[in-house]
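Anchor point for the sequence shown: position 191 equals 199 in my numbering, and the numbering is continuous, going up by one each time. Idealized CB from N, CA, C, for every residue including glycine. For clarity, every value in this text was computed on a predicted model and none was experimentally measured.
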Amino acid sequence: MADLNPIYNSTLTCPVCEKKIEVSKVRSRFVKLISQDEDFCPYYETYNPVLYEAWVCKYCGYAAHSTVFAEAGKNDSRQVLEKIKPKWTSRDFTGERDINKALEAFKIVLYNLQVRRAPFSEFGKICLRIAWLYRYNGEWVNEYKYMKHSYDYYKKAYSREYLSKGKLDEYTLTYILGELARRLELYNEALQWFGKLITASANPEEKLKIQPRLIELTKDQIHITREKMKAKDKKSAAINE
Numbered sequence: 009m010a011d012l013n014p015i016y017n018s019t020l021t022c023p024v025c026e027k028k029i030e031v032s033k034v035r036s037r038f039v040k041l042i043s044q045d046e047d048f049c050p051y052y053e054t055y056n057p058v059l060y061e062a063w064v065c066k067y068c069g070y071a072a073h074s075t076v077f078a079e080a081g082k083n084d085s086r087q088v089l090e091k092i093k094p095k096w097t098s099r100d101f102t103g104e105r106d107i108n109k110a111l112e113a114f115k116i117v118l119y120n121l122q123v124r125r126a127p128f129s130e131f132g133k134i135c136l137r138i139a140w141l142y143r144y145n146g147e148w149v150n151e152y153k154y155m156k157h158s159y160d161y162y163k164k165a166y167s168r169e170y171l172s173k174g175k176l177d178e179y180t181l182t183y184i185l186g187e188l189a190r191r192l193e194l195y196n197e198a199l200q201w202f203g204k205l206i207t208a209s210a211n212p213e214e215k216l217k218i219q220p221r222l223i224e225l226t227k228d229q230i231h232i233t234r235e236k237m238k239a240k241d242k243k244s245a246a247i248n249e
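Now the structure itself:
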């Protein structure tokens, strides 16, 4: 019996052009998580499923995160068919992806979001995934750029969108905003976001809605953020002496 390929293709129908397409996925038995950063960026032993989360229709250019690919509405379809498809050059994203191929696919998703005027939370999610890909590659400047984009979009989502538990709840987003602010060295803002979560967790009714792990992570990150602030202040004081 031949060795099982960790990457396999799944056939589905593009919700925009209604043609049959193939998307590649990693078989679950080959997904072995090693660790995770505080902003939930995952690291895997071998095959990284994050690289395959951006699905692209090779026929019309429609692209979206795998979790929402099938959810394109009539307006989304119209925008893609009018503004993306006429300029689209067919390209194939099936098979094993490296980080550069994944970046290409995710940036096509990002362009789709711009054309379709998608929710800010979707922009935030895709920009964060792109930041992770650059982190895997050790490209700090680009990672910072897309973390900042993610932070800005997520702030808009926090203030303007209804956040349901089914996708991205208010408490998880609050934590992510705090952690992104910390990584961007916006320490005062980070403490404000983390503080919101701690305040919410002090209410017994609200605490039931928050994952216990999220509360523990928040407490840890508050401590780390304060230490970073002290180190930064100490460095500034030394420079000014």
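Coarse secondary structure for residue i, derived from DSSP in three states
i, result
"Ile-247", "helix"
"Asn-196", "helix"
"Ile-230", "helix"
"Ile-270", "In the structure displayed, the chain extends from 9 to 249; residue 270 sits before or after that span and is not available."
"Ile-206", "helix"
"Leu-222", "helix"
"Leu-216", "coil"
"Met-9", "Low confidence applies to Met-9: its pLDDT is 41, below 50, so where it sits in the model is not reliable, and the reading given next is rough at best. Looking at Met-9 - three-state DSSP - the assignment turns out to be coil, as it is neither helix nor strand."
Nearest neighbour of residue i, chosen from the options [CA to CA]
i, options, result
"Lys-265", "Leu-176, Tyr-179, Glu-187, Glu-178", "In this structure the chain extends from 9 to 249, so residue 265 is not present and cannot be described."
"Thr-3", "Arg-191, Ser-43, Ala-62, Val-64", "No statement about residue 3 is possible, as the shown extent of the chain runs from 9 to 249 and does not include it."
"Glu-30", "Gly-103, His-73, Ala-126", "Gly-103"
"Pro-14", "Lys-28, Tyr-60, Glu-26", "Tyr-60"
"Lys-33", "Lys-27, Tyr-16, Cys-25", "Tyr-16"
"Lys-95", "Tyr-52, Tyr-119, Phe-101", "Tyr-119"
"Arg-221", "Lys-236, Cys-25, Tyr-179, Trp-201", "Tyr-179"
"Trp-63", "Pro-57, His-73, Asn-56", "His-73"
"Lys-238", "Lys-66, Tyr-52, Asn-196", "Asn-196"
"Arg-86", "Ile-223, Gly-69, Ile-232", "Gly-69"
"Lys-66", "Val-88, Val-149, Leu-12", "Val-88"
"Gln-200", "Lys-163, Phe-101, Ala-126", "Lys-163"
"Ala-198", "Glu-235, Asn-56, Asn-211", "Glu-235"
Residue i vs residue j beta-carbon contact at 9 Å
i, j, result
"Thr-182", "Lys-204", "yes"
"Phe-114", "Ile-138", "yes"
"Arg-99", "Phe-128", "no"
"Cys-135", "Tyr-161", "yes"
"Tyr-166", "Leu-192", "no"
"Phe-202", "Gln-219", "no"
"Ile-116", "Ala-71", "yes"
"Ser-172", "Phe-131", "no"
"Lys-133", "Leu-194", "no"
"Ser-150", "Arg-124", "It is Asn, not Ser, that sits at residue 150 in the sequence shown. Not closer than 9 Å, so no."
"Phe-101", "Glu-112", "yes"
"Ser-209", "Thr-226", "yes"
**Request:** Kindly provide the ranges of any alpha helix (DSSP H) runs that are 4 or more residues long and lie completely inside the segment 19 to 104, ordered along the chain.
**Result:** Qualifying alpha helix (DSSP H) stretches, in chain order: 82 to 91.
**Request:** Kindly provide the ranges of any alpha helix (DSSP H) runs that are 4 or more residues long and lie completely inside the segment 97 to 184, ordered along the chain.
**Result:** Entirely contained in the segment 97 to 184, the alpha helix (DSSP H) runs reaching 4 residues are, in chain order, 107 to 124, 128 to 144, 148 to 168.
**Prompt:** When the Cβ atoms of the segment 137 to 152 are set against those of the segment 94 to 110, are three or more pairs found closer than 8 Å?
**Reply:** Verdict: yes, contact present.
**Request:** Report yes or no: do three or more beta-carbon pairs, one from the segment 41 to 53 and one from the segment 19 to 31, lie closer than 8 Å?
**Result:** Output reads no: the segment 19 to 31 does not touch the segment 41 to 53.
**Message:** Between the segment 72 to 82 and the segment 34 to 44, can you find at least three pairs of beta-carbon atoms closer than 8 Å?
**Reply:** Output reads no: the segment 72 to 82 does not touch the segment 34 to 44.
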